[in-house]
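**Q** Taken in order, the sequence shown gives residues 4 to 461; the numbers are from this note's numbering.
Idealized CB from N, CA, C, for every residue including glycine.
All of these numbers come straight from a predicted model, not from anything done at the bench.
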Amino acid sequence: MKKSLKKTTLTAIFALSALAASADDWYLSESVLQGTETWDWSNGENWGQSSSTAKPSADTNLWIIGETNGKNKSTLSSGFTANELKFTNSGNMDINWASYDSGSGNANITLNKLTFDNTGSLNSTYIKLSTTKTRETGETTVDKDGKTVNITKTVNQTLTINGDINVIAGTEAAQTIDMYSNGGKYAFHVKGDLNITNKKATDNFIWTGETVIDGVINMKSADAEKSGAKLQLQLWNQTIGGLSDCGEKNVHVISTQWGGGVTFKNKTNQTWSGTIVNKKMELRYAGTAMQRLEVVSGEFDNVRISNGRLELAMSSSAVNGNFSISGGVFDNDGEINFVDASFGGGKVNFDNAADKINVLGTAMKNASGNLEIDFNGLVIEADKVYEIISAALVDSSFKSDASDIIGSGYDSDKFLLNFAWAGTTLTATFTSTVPEPATVAAILGAIALAFAAYRRRK
Numbered sequence: 004m005k006k007s008l009k010k011t012t013l014t015a016i017f018a019l020s021a022l023a024a025s026a027d028d029w030y031l032s033e034s035v036l037q038g039t040e041t042w043d044w045s046n047g048e049n050w051g052q053s054s055s056t057a058k059p060s061a062d063t064n065l066w067i068i069g070e071t072n073g074k075n076k077s078t079l080s081s082g083f084t085a086n087e088l089k090f091t092n093s094g095n096m097d098i099n100w101a102s103y104d105s106g107s108g109n110a111n112i113t114l115n116k117l118t119f120d121n122t123g124s125l126n127s128t129y130i131k132l133s134t135t136k137t138r139e140t141g142e143t144t145v146d147k148d149g150k151t152v153n154i155t156k157t158v159n160q161t162l163t164i165n166g167d168i169n170v171i172a173g174t175e176a177a178q179t180i181d182m183y184s185n186g187g188k189y190a191f192h193v194k195g196d197l198n199i200t201n202k203k204a205t206d207n208f209i210w211t212g213e214t215v216i217d218g219v220i221n222m223k224s225a226d227a228e229k230s231g232a233k234l235q236l237q238l239w240n241q242t243i244g245g246l247s248d249c250g251e252k253n254v255h256v257i258s259t260q261w262g263g264g265v266t267f268k269n270k271t272n273q274t275w276s277g278t279i280v281n282k283k284m285e286l287r288y289a290g291t292a293m294q295r296l297e298v299v300s301g302e303f304d305n306v307r308i309s310n311g312r313l314e315l316a317m318s319s320s321a322v323n324g325n326f327s328i329s330g331g332v333f334d335n336d337g338e339i340n341f342v343d344a345s346f347g348g349g350k351v352n353f354d355n356a357a358d359k360i361n362v363l364g365t366a367m368k369n370a371s372g373n374l375e376i377d378f379n380g381l382v383i384e385a386d387k388v389y390e391i392i393s394a395a396l397v398d399s400s401f402k403s404d405a406s407d408i409i410g411s412g413y414d415s416d417k418f419l420l421n422f423a424w425a426g427t428t429l430t431a432t433f434t435s436t437v438p439e440p441a442t443v444a445a446i447l448g449a450i451a452l453a454f455a456a457y458r459r460r461k
């Protein structure tokens, strides 16, 4: 009997624990979801709580489930926080954090996890999270026309995600997620990964404004045909910790609208394969690991490398903007084209005879040191002339005798390396330090003859 009582008591405790855990799950009320008035996320009644003063906390999971009437608008107050915010099959929501902290003048929102899960059949889903560039200070002034106007101040607004952002679409659903910022130093800061699982033909995840993603952008198909995922960058300045295709080759799409830059700061090796469409983006690489980009179609505005290892495999017909390297390693697969090129610190890896950097304009050296060419991985053929860099014009910053070019990554006991400028093309030639068999035979023959003559003289 006691055993049975103990078991029953434990069951009750576990049941109560489960109820306590679920108490942190708040659901947006149906009336709010279908309402037309702007609602406040900090009002507990909107989330089914008994009091308007109840506010979500870092332990609260917020669920928004179901389709809206297409006119749903809301405001996030500064200092708002929650554990996970999850949209499930939700459509047409316009969310704005226009409020601000009167002390700092900023509007900061913090979540531990953000999920957009549109796995149903709902189409034309559109969720927009946006910020306001300025706020009114409550003070007034008189303008040049003698009118009294409100004084405004720029607001630094940040949405911080301490973990991951997950964007999930089903095979029948289409959605657009628009993370839009009108200002602020960091419009969005994601400390985890951005995981995008969707179809490139119908789905869009759009970043606009200054964005920092500490983790990796993982792109993956939502369908069995692996049609690819799509990411749209409305470029200002964006920093990411890497880009991955999750092993799916040649299917993903990154589209750009403005000519801003993306800085890669990889801490882990990543590979991405796909297409870049619309306007070119500037690629800056400053990671400590390797990023490989296999671009089936598309071009970069500029490519800048200061650290880590950047590998580019691109269509030979693509013409990128300017190239510069001040540190790290650059490795291109096959021929790659740039407008102008500036070589400083760091090194260029030449691991295949087909590799070549074509500079349609001027090639120059932007540092007083040597340019290093790394031949690690190259299967060397003695006496073959390898073309490494070809330019329309070679700046006088390079020495005409190529004495400021050095090589590494080859067996110097077997080969002598010579760099030379053949017109405006930098070439490398390896000479074997090990004599050919015929040469060895001739040398031995000469020694034998000399020894025989010496014996005759004796």
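Going by the beta-carbon positions, is the gap between Ala366 and Ala344 smaller than 7 angstroms?
**A** What you label residue 366 is simply residue 363 of the sequence shown in a count that begins at 1. What you label residue 344 is simply residue 341 of the sequence shown in a count that begins at 1. Cβ distance < 7 angstroms, so Ala366 and Ala344 count as in contact.
**Q** Looking only at C-alpha atoms, which of Gly331, Ala356, Asp304 and Lys368 sits nearest to Asn340?
**A** Taking the sequence shown and counting its residues from 1, one reaches residue 340 at position 337. Ranking the options by Cα distance to Asn340, first place goes to Asp304.
**Q** Could you check which residue in Leu313, Phe119 and Gly231 has the C-alpha nearest to that of Asp181?
**A** One-based indexing of the sequence shown puts residue 181 at position 178. Minimum Cα distance to Asp181 is reached at Phe119.
**Q** So who's on the other strand from Lys223, going by DSSP bridges?
**A** The count along the sequence shown starts at 1 and reaches residue 223 at position 220. Lys223 is bridged to Thr200.
**Q** Taking the alpha-carbon positions, what's the Arg287 to Val280 distance?
**A** To locate residue 287, count along the sequence shown from 1; it is residue 284. To locate residue 280, count along the sequence shown from 1; it is residue 277. Approximately 18 angstroms, taken between the alpha carbons.
**Q** Any idea if Asn72 is buried or exposed, counting beta-carbon neighbours within 10 angstroms, 16 or more meaning buried?
**A** Indexing the sequence shown from 1 puts residue 72 at position 69. Exposed, since its Cβ has fewer than 16 Cβ neighbours within 10 Å.
**Q** CA-CA distance, Asn169 and Gln260?
**A** Here the question's residue 169 lines up with position 166 in the sequence shown. Here the question's residue 260 lines up with position 257 in the sequence shown. When rounded, the distance between both Cα atoms is 23 angstroms.
**Q** For Thr144, collect the residues of the same chain with a Cβ closer than 7 angstroms to its Cβ; drop the 5 residues on either side in sequence, then sort them by chain order.
**A** Looking up residue 144 in the sequence shown gives position 141. Excluding positions up to five away in sequence, the list reads Val152 and Ile154.
**Q** Would you decide whether Ser25 is buried or exposed? Buried here means 16 or more other CB atoms lie within 10 Å of its CB.
**A** Residue numbering aside, residue 25 sits at position 22 when the sequence shown is read from its first letter. Bear in mind that a pLDDT of 46 at Ser25, under 50, signals an unreliable position, so the number given afterwards is only what the model happens to contain. It is exposed - the Cβ of Ser25 has fewer than 16 other Cβ atoms within 10 Å.
**Q** Please state whether DSSP places Leu36 in a helix, a strand or coil.
**A** Along the sequence shown, read from residue 1 onward, the residue named residue 36 stands at position 33. Of the three classes helix, strand and coil, the one that applies to Leu36 here is helix, per DSSP.
**Q** Take every Cβ of the stretch 234-246, pair it with every Cβ of the stretch 219-226, and state whether three or more of those distances are shorter than 8 angstroms.
**A** Contact between the stretch 234-246 and the stretch 219-226 is present, because at least three Cβ pairs lie under 8 angstroms.
**Q** Does the Cβ of Thr214 have 16 or more other Cβ atoms within 10 Å, making it buried, or fewer, making it exposed?
**A** The residue you call residue 214 lines up with position 211 of the sequence shown. Buried, since its Cβ has 16 or more Cβ neighbours within 10 Å.
**Q** What residue does the beta strand (DSSP E) around Thr278 start on, and which one ends it?
**A** On the sequence shown, residue 278 is found 275 positions in, with the first residue counted as 1. Residues Gln273 to Asn281.
**Q** Give the straight-line distance between the Cα atoms of Asn271 and Gly290, rounded to the nearest whole angstrom.
**A** Numbered from its first residue, the sequence shown carries residue 271 at position 268. Numbered from its first residue, the sequence shown carries residue 290 at position 287. Going by the sequence as given, residue 271 is Thr instead of Asn. Their Cα atoms are separated by approximately 9 angstroms.
**Q** Secondary structure at Gly47, three-state DSSP: helix, strand or coil?
**A** As a working note, residue 47 is residue 44 in the sequence shown. Helix at Gly47.
**Q** DSSP three-state label for Lys58, please.
**A** Position 55 of the sequence shown, counted from the first residue, corresponds to residue 58. Looking at Lys58 - three-state DSSP - the assignment turns out to be coil, as it is neither helix nor strand.
**Q** Can you tell which of Ser55, Gly149 and Thr113 has its C-alpha closest to the C-alpha of Phe83?
**A** Translated into positions along the sequence shown, residue 83 becomes position 80. For the residues Ser55, Gly149 and Thr113, the minimum Cα distance to Phe83 belongs to Thr113.
**Q** By alpha-carbon positions, which one of Val388, Gly330, Ala357 and Asp358 ends up nearest to Lys368?
**A** Position 365 of the sequence shown, counted from the start, is the residue given in the question as residue 368. Nearest C-alpha to Lys368: Gly330.
**Q** Looking at the structure shown, is Gly426 part of a helix, part of a strand, or coil, going by DSSP?
**A** What you label residue 426 is simply residue 423 of the sequence shown in a count that begins at 1. Here Gly426 sits in coil by DSSP.
**Q** Do you know offhand how far Leu419's Cα is from Lys252's?
**A** In the sequence shown, residue 419 corresponds to position 416, counting from 1. In the sequence shown, residue 252 corresponds to position 249, counting from 1. Distance between the alpha carbons of Leu419 and Lys252: 40 angstroms.
**Q** Per the DSSP calculation, Asn421 is bridged to which residue(s)?
**A** In the sequence shown, residue 421 corresponds to position 418, counting from 1. For Asn421, which the question treats as bridged, DSSP gives the partners Thr432.
**Q** Less than 7 angstroms between the C-beta atoms of Ser55 and Asn46, yes or no?
**A** In the sequence shown, counting from the first residue as 1, residue 55 sits at position 52. In the sequence shown, counting from the first residue as 1, residue 46 sits at position 43. Yes, Cβ-Cβ distance for Ser55 and Asn46 is below 7 angstroms.
**Q** Over the uninterrupted beta strand (DSSP E) stretch that includes Asn240, give me the two end residues.
**A** The residue labelled residue 240 in the question sits at position 237 within the sequence shown. Element bounds for Asn240: Asn240 to Ile243.
**Q** From this set, Asn352, Ser393 and Thr266, which residue's C-alpha is nearest Glu375's C-alpha?
**A** Counted from its first residue, the sequence shown places residue 375 at position 372. The shortest Cα separation from Glu375 among Asn352, Ser393 and Thr266 belongs to Asn352.
**Q** DSSP on Val254, reduced to helix/strand/coil?
**A** Your numbering for residue 254 matches position 251 in the sequence shown. Correct three-state label for Val254: coil.
**Q** Since Ala172 sits in a beta bridge, which residues does DSSP pair it with?
**A** Here residue 172 is taken as the residue at index 169 of the sequence shown, counted from 1. Its beta-bridge partners are Asn121.
**Q** Which residue wins for smallest C-alpha separation from Phe422, given the options Ile408, Asp414, Tyr413 and Ser415?
**A** Mapped onto the sequence shown, residue 422 falls at position 419. Out of Ile408, Asp414, Tyr413 and Ser415, Ile408 has the C-alpha closest to the C-alpha of Phe422.
**Q** Contact defined as beta carbons within less than 8 angstroms: I believe Leu1 pairs with Ile392. What is the distance between those atoms, to the nearest angstrom?
**A** This structure cannot settle anything about residue 1, because the visible part of the chain is limited to 4 through 461.
**Q** Roughly how many angstroms separate the alpha carbons of Ser415 and Asn310, rounded to a whole number?
**A** Reading the sequence shown from its first residue, position 412 is the one you call residue 415. Reading the sequence shown from its first residue, position 307 is the one you call residue 310. Rounded to the nearest angstrom, the two C-alpha atoms are 26 angstroms apart.
**Q** By the three-class DSSP mapping on this structure, what secondary structure does Glu375 have?
**A** Residue 375 sits at position 372 when you count from the first residue of the sequence shown. Three-state DSSP puts Glu375 in a strand.
**Q** Using three-state DSSP, classify Thr144 as helix, strand or coil.
**A** Sequence index remark: in the sequence shown, residue 144 carries index 141 (1-based). Strand.
**Q** Where does Phe83 sit, in a helix, a strand or coil, going by DSSP?
**A** To locate residue 83, count along the sequence shown from 1; it is residue 80. Residue state, collapsed to three classes: coil.
**Q** For Lys131, name the three-state secondary structure that DSSP assigns.
**A** By one-based count along the sequence shown, residue 131 stands at place 128. Residue state, collapsed to three classes: strand.
**Q** Please work out which residues of its chain come closer than 6 angstroms, Cβ to Cβ, to Leu396, disregarding the five sequence neighbours upstream and downstream, and give them in chain order.
**A** In the sequence shown, residue 396 corresponds to position 393, counting from 1. Same-chain partners within the cutoff: Thr365.
**Q** Which two residues bound the contiguous beta strand (DSSP E) that contains Ser327?
**A** As a position in the sequence shown, residue 327 is number 324, starting the count at 1. Run containing Ser327: Phe326 to Ile328, per the beta strand (DSSP E) assignment.
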